[in-house]
Each structure stands twice: as C-alpha cells, then as structure tokens.
Amino acid sequence: MTGPRWTVALLLVAAAAGAACNDDLLGYRNARQQAGSDAETSDSALVADIAGNEIGAEVTAEATEDTPEVATTAETVEDAPDAGRSADVPNPCAKLACDDKNPCTADNCDPETGCSHMPVTEGTPCQADKCAVAGKCLGGACADFQPVLCDDGNACTADACDPMTGCIYTPMQGECSDGDACTKGDHCAENGQCKPGKGCDANANCNKDVELGKKCVCKDGFQGDGFTCIKP
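So the working numbering is basically just the index in the sequence shown, starting at one, shifted up by 13.
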C-alpha cells in the first residue's frame with residue numbers, strides 16, 4: 014500500500030508506539046521512586062521495567078547492602094553500666110558506709126533511700142566507749158553506764174582514759190614512796206617506777222619492830238633520824 018493513506022497509517026503506528034514507550038518510562042520512574050522512599054513496599058512489590066523484567070529483587074538487594082549494621086539488644090545490655098550507674102560512682106551501701114559507731118542503733122542501707130539507724134530494744138546492754146561500761150540502751154543512746162577506773166595506784170604515772178583506746182598511763186617526775194620506811198628521797202624514774210632513795214645511815218639499823226614500825230634507828234652511841242647518825 015502506497016500513497017497518502019500509507020503515510021497516515023505509519024504515523025499512527027509510530028504515535029501509538031511512542032505513547033506506549035512514554036507510559037513504560039513513566040511507570041518505571043514511579044516504581045523506582047516508590048522503591049527508594051518506602052522500604053517496606055520495596056521488600057514485597059515487584060515493579061516491571063521497560064523490558065518487562067522484575068526489579069523488586071534488585072531494589073531489595075540495594076536497600077539491604079546500604080542499610081547500616083545495628084547492634085543487637087544483647088550486645089547493648091552487655092556493654093551498659095551495672096544498674097545504670099557509672100563505674101566511678103561508689104556504691105552507697107558499701108560495707109560499713111552506714112556504721113554510726115553507736116551500739117544502740119541498728120544500721121542498715123537501702124540503695125534508694127540511703128542509711129537508716131533504728132534504735133535497738135530498750136535496756137539492751139551496751140558500752141558507749143572504752144571509758145564507759147555496764148550501760149544500757151535508752152532511746153537509741155547508751156546511758157546509765159559506769160566510768161572505767163584507770164587508777165593504777167602508782168604515784169609516778171598520770172592516769173587518764175581515752176574513749177578510743179582505754180586507759181593511758183603516762184610516766185611523770187616527782188617524789189614518791191617505795192613503801193619502805195627505811196629509804197629516804199624516793200623519786201620517780203623515767204620508766205614510771207618509784208626509785209628508792211638513800212637508805213639508813215651506816216651507823217643505823219632498819220628497825221622492824223612491829224610495835225615501833227619500820228624505820229631507821231641510830232645505833233647506840235649515835236643520834237639522828239636514822240639516815241644521818243652522829244655521835245653527840
């Protein structure tokens with residue numbers, strides 16, 4: 014077939030083919046845009062390209078390769094600080110952290126509220142410190158106690174009591190008595206002991222008569238206090 018009619022027919026066929034091509038291109042573009050903006054749709058939808066091939070698998074593969082790796086829940090928990098607390102922050106309930114050194118309170122610790130000191134049963138025996146004994150708990154405090162007696166009976170020591178350590182005996186200087194009447198001038202030594210002084214005179218004896226008492230007595234023919242005896 015030739016002539017104008019054939020020319021018109023060819024033009025109509027070409028126009029139809031061009032329209033179909035444009036429709037295919039538009040559908041392809043729309044499918045690609047939809048696959049890029051909606052990951053869920055790209056996982057299940059299959060979009061036909063110009064050649065009629067399925068491109069859903071290609072879109073899904075690209076999305077999978079470009080997706081950053083995300084740590085699992087187990088890894089995240091393992092790396093997290095214990096109970097959400099920094100390792101540099103001390104435990105408020107560490108051992109002895111709540112000890113108030115009071116024998117009449119029960120010391121406890123709650124991680125949420127902190128330390129608590131509840132009074133023990135009234136009348137519970139207690140010792141307030143090293144200088145107080147035989148006490149009893151009253152209202153959360155040690156009371157009615159007896160003081161510790163630190164007197165060692167030694168004139169050469171200063172007696173005192175430290176609440177933390179107990180009795181303290183400090184050596185001191187000065188006169189003392191060694192308990193022997195036949196010595197004179199006894200004095201305290203550096204070690205806190207009484208050092209005997211001068212004894213009876215060479216011309217005296219230490220009288221041990223029970224009735225007269227122990228003392229230095231000058232021998233016959235001498236007179237004095239027993240520590241010094243001279244002839245009259």
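In this text, a Cβ means the ideal position worked out from N, Cα and C, and glycines have one as well.
Residues near Asp123 by beta carbon distance below 6 Å, same chain, minus five either side: Listed in chain order, the non-local C-beta contacts of Asp123 below 6 Å within the same chain number zero, local neighbours out to five positions each way being set aside.
Within 8 Å, strictly: CB atoms of Cys150 and Glu135: Yes, the Cβ-Cβ distance between Cys150 and Glu135 is below 8 Å.
Simplified DSSP assignment, three categories, for Ser190: Ser190: coil per DSSP, three-state reduction.
Extent of the continuous beta strand (DSSP E) to which Cys229 belongs: Start and end: 228 to 231.
Three-state secondary structure assigned by DSSP to Leu162: In the structure shown, Leu162 adopts coil according to DSSP, grouped into three states.
Cβ-heavy atom distance, Lys208 to the ligand NAP, below 7 Å: Ligands are entirely absent from the displayed structure, and the ligand NAP is therefore not among its contents.
Local conformation of Ala93 per DSSP, three classes: In this prediction, Ala93 has a pLDDT of 41, which is less than 50 and means its spatial position is unreliable; nothing more can be read from the coordinates.
Cys174 and Asp191 closer than 8 Å at C-beta: Cβ atoms of Cys174 and Asp191: not closer than 8 Å.
Backbone CA spacing between Gly226 and Asn220 [nearest angstrom]: When rounded, the distance between both Cα atoms is 7 Å.
Residues that Asp172 bridges to, as DSSP identifies them: According to DSSP, Asp172 bridges with Tyr182.
Under 8 Å between C-beta atoms of Cys242 and Asn216: For the 8 Å CB-CB criterion, Cys242 and Asn216 form a contact.
Paired residues, beta bridge with Pro138 - DSSP: Answer is Lys149, bridged to Pro138.
Per-residue DSSP class, three states only, for Asn218: If DSSP states are grouped into helix, strand and coil, Asn218 belongs with the strands.
C-alpha distance - Gly198 paired with Pro209, whole-angstrom precision: Whole-angstrom Cα-Cα distance: 7 Å.
Collapsed DSSP secondary structure at Thr118 in the structure displayed: Three-state DSSP puts Thr118 in a strand.
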